[in-house]
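Asker:
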Amino acid sequence: MGEAARYDVVQISDFRLPGGTTSSIAEEVRAQSEAGLSTALMHAAGSVTGYPIPWSTHIRRILDLPGVHVATPRDRLHATVLVIRHPTVIWSTPSTFDHVTADHVVIVVNHAAIDGAGTRHYDVEATDRRVRSLFGLDPIWAPIGPVVRGTVLQQTTEVPLRDEDWVNIFQMPEGAAERETFIGKKPVIGRHSRPQPGKWPDTKEDILAAYPNSPGYDVQILGGAKIARRKIGWIPDRWTVIPFGGEEPFDFLRRIDFWVYMHHPDLREAFGRAAMEALAAGCVAILPPYMKALFGDAALYAEPHEVLALVDEHWSSPEAFLAQSRRAQEFARSFSPQMHLRRLQELGVAVPETGATRQDEPAVAGTDAQAGASAGPQPTFVLNLDPQDLGLARELTRGLSATGSPVVMGLVADGAEKDPLGPDEIRLPGPPAFHLVEETGAGTWRRYITQRLRRLLADVGARRVVTVGTTIPEPVMEAFDGQAVEHHWVRPDDGSPLDVQLAVRMNAVSAIAADAAPETLAVTILKESTL
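Quick note: the sequence shown uses our numbering, first residue 16, plus one each step.
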């Protein structure tokens, strides 16, 4: 049985979720990457999202970051800290994580256990039991704020709650300057949210009270207005409506004076990431009263029918408006990435000192690739592309090693329990990742695979690459394009003719059919090598 890949942090969630869950994960992963920590992203399909949609753009944007890797629930790995975000995901996923272990397991509670109408969204104690069963550890329940903490305590006091909230971190966006005056000649009221029924007030009267169809106000909506139209019967002609994803939130928020977020009375926001974005942009936020426990004096609070009175009051006093805007931005700055790194340190993660080199590959027990690459004969990187050719690739690796050449193998395999890692082997994404269609986000996946291979070559220090496979997928070709590597292609002996055009494009020094013993192939490769 191969040794487990080791990571500082493993993040488990349903990465299809489009909103605060995945954006919060992305912020934490960015902080971990910048600090030099290794992170594995492990998708667990839950009941929260029942549609065959691609991963959130928040997740796709972090796949290329140094130290970030994609893992599957079947992989064999160990985490210093395993972070599960969204309790419903871990409760409902069919994945069993048979080979995933950790020193600590944290359940980040970013969704209310009970809503304002008393409806249970998940069973806290049952979820706790399932996590204990899956990972063999007592999990730490970590609410992201006082509101969601209260909903957990409404259900039970029998699960171990973290003393401090696991608040979402927030990186102030570039260009978040202090406001100096109003946007225009009349108050600009704005909101942005996902197009879900709970994100809007429940009645026509409340919607129009908070977002008036009046010549005295400019109302801007990011996220669509289908829900409002159902309630009102029409879309007010004085509203400007932008569909969800139609503009970057920060660009939108820079055009807003008053960010007004009124929603369904049954909803209880666990944190309110959209509100935090508005505060960071310097908007004066007007929120439901219960959210004062989250944001304190960084925002104003009102029921829908009270919104315009607050808007008018602060419009008539620029000094009060600017003072409130600055309180908002100062509050947003306090949720820094350093806060997240400190709580990881408390759980045993060794955070490198500032300026430390980022960890690009997980540590694998028994592997010393970089040490082997630093001295002696020219190191070789063997890339196995098909699980069916694994035996050939390993025999070839042993043959090359016997000649005194340090060898590291990149193993593309379809499940850790079938193909445990051996010494000097590193697991890479499985075959489906090389052939995703464009509609499912292939561009991001291909960039991830290409950049990971390039970083791996740099870490190993290899200038000689031996690729084992019937053909070479495009992301692999892109990884080697323009690189100072000598490429050898070993093709399984399946009787197929050599693809000469492919061999020429990859600038292969040799293209060898595997019709001889691996030891002979190794000698042939080294004989034809120019290194």
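We put the CB at the ideal spot given by N, CA and C, even for glycine.
According to DSSP, Gly363 sits in a beta bridge with which residue or residues?
Answerer: BP columns for Gly363 are empty, so no partner.
Asker: Using a Cβ-Cβ distance cut-off of 8 Å, determine whether Leu536 contacts chain C.
Answerer: The structure shown contains no chain C; it holds only a single protein chain.
Asker: Where do the ends of the alpha helix (DSSP H) carrying Met291 lie?
Answerer: Note, Met291: alpha helix (DSSP H), Arg288 to Ala295.
Asker: Give me the residue from Pro109, Trp274 and His503 with the minimum Cα distance to Gly205.
Answerer: Closest option to Gly205, Cα to Cα, is Trp274.
Asker: As an exercise, report each continuous beta strand (DSSP E) stretch of at least 3 residues that is fully enclosed by the region 136-174, in chain order.
Answerer: Counting only runs of 3 or more, we get 155-158.
Asker: Any idea which residues DSSP pairs Ser396 with across the strands?
Answerer: A quick correction: the sequence has Phe, not Ser, at residue 396. The partner list for Phe396 (beta bridge, DSSP) reads Val423 and Val480.
Asker: Report the rounded CA-to-CA distance for Val146 versus His58, giving the unit in angstroms.
Answerer: Going by the C-alpha atoms only, they are around 16 Å apart.
Asker: Are at least three pairs of beta-carbons, each pair with one atom in the region 325-334 and one in the region 258-266, less than 8 Å apart?
Answerer: Too few Cβ pairs lie closer than 8 Å, so no.
Asker: Start and end of the beta strand (DSSP E) containing Pro507?
Answerer: Taken as a continuous stretch (DSSP letters only), the beta strand (DSSP E) holding Pro507 covers Glu501 to Pro507.
Asker: Evaluate Trp70 with the Cβ neighbour count: other Cβ atoms within 10 Å of its Cβ, from every protein chain shown; 16 or more gives buried, anything less gives exposed.
Answerer: Label assigned to Trp70: buried.
Asker: Within 8 Å, do at least three Cβ pairs link the region 340-352 to the region 173-189?
Answerer: These segments touch.
Asker: Quick test of your reading: Arg100 and Ser53, contact by CB under 8 Å. State the CB separation rounded to the nearest angstrom.
Answerer: Going by Cβ atoms, the distance from Arg100 to Ser53 rounds to 18 Å, so no, they are not a contact pair.
Asker: From Gly133, Ala243 and Arg164, pick the residue whose C-alpha is nearest to that of Ile15; which is it?
Answerer: Here the chain comprises residues numbered 16 to 546, so residue 15 is not present and cannot be evaluated.
Asker: Is the beta carbon of Leu237 closer than 8 Å to that of Gly414?
Answerer: Taking 8 Å as the Cβ cut-off, Gly414 and Leu237 do not qualify as a contacting pair.
Asker: Near Thr134, what residues of its chain come up, given a Cβ to Cβ distance below 8 Å and the 5 sequence neighbours on each side ignored?
Answerer: Answer for Thr134: Asp281, listed in chain order.
Asker: Thinking C-beta only, is Gly82 closer than 8 Å to Arg283?
Answerer: No. Outside cutoff.
Asker: Is it right to say His84 is buried, meaning 16 or more other beta carbons lie within 10 angstroms of its own, or is it exposed?
Answerer: Classification of His84: buried, given that the 10 Å Cβ count is 16 or more.
Asker: Taking C-beta to C-beta, are Cys298 and Ala225 nearer than 8 Å?
Answerer: No, Cβ-Cβ distance for Cys298 and Ala225 is not below 8 Å.
Asker: Counting only runs of 3+ residues fully inside the region 196-245, write out the beta strand (DSSP E) ranges in chain order.
Answerer: With a minimum length of 3 residues, the continuous beta strand (DSSP E) runs that stay inside the region 196-245 are 203-207 and 233-237.
Asker: Would you check if the distance between the CB atom of Val483 and the CB atom of Val505 is smaller than 8 Å?
Answerer: It is a contact, given that the beta carbons lie within the stated cut-off.
Asker: Alpha carbon to alpha carbon, what distance is there between Gly160 and Lys219?
Answerer: Taking the straight line joining both Cα atoms gives about 30 Å.
Asker: Sorted by chain position, which residues of the same chain lie with C-beta nearer than 6 Å to Leu149's C-beta, five sequence neighbours on each side aside?
Answerer: The residues are Phe112.
Asker: Specify, as a first and last residue, the run of the beta strand (DSSP E) that Leu92 falls within.
Answerer: It spans Leu92 to Arg100 - the beta strand (DSSP E) in which Leu92 sits, taken as one unbroken run.
Asker: Less than 7 Å between C-beta atoms, sequence neighbours within five positions excluded: which residues of the same chain meet that for Asp375?
Answerer: The pLDDT assigned to Asp375 is 46, lower than 50, so where the model puts this residue is not dependable; a value taken from the coordinates is nonetheless given after this. Taken in chain order, the residues that qualify are Pro81, Gly82, Arg470 and Asp474.
Asker: Compute the Euclidean distance between the alpha carbons of Pro158 and Leu400, then round it to the nearest angstrom.
Answerer: So the alpha carbons of these two residues sit roughly 42 Å apart.
Asker: From Thr116, His119, Gln170 and Val115, pick the residue whose C-alpha is nearest to that of Thr142; which is it?
Answerer: Out of Thr116, His119, Gln170 and Val115, Gln170 has the C-alpha closest to the C-alpha of Thr142.
Asker: Measuring straight from C-alpha to C-alpha, what distance separates Trp254 and Val234?
Answerer: One C-alpha to the other measures close to 5 Å.
Asker: Could you spell out the range, first to last residue, of the alpha helix (DSSP H) harbouring Ser48?
Answerer: Taken as a continuous stretch (DSSP letters only), the alpha helix (DSSP H) holding Ser48 covers Gly35 to Glu49.
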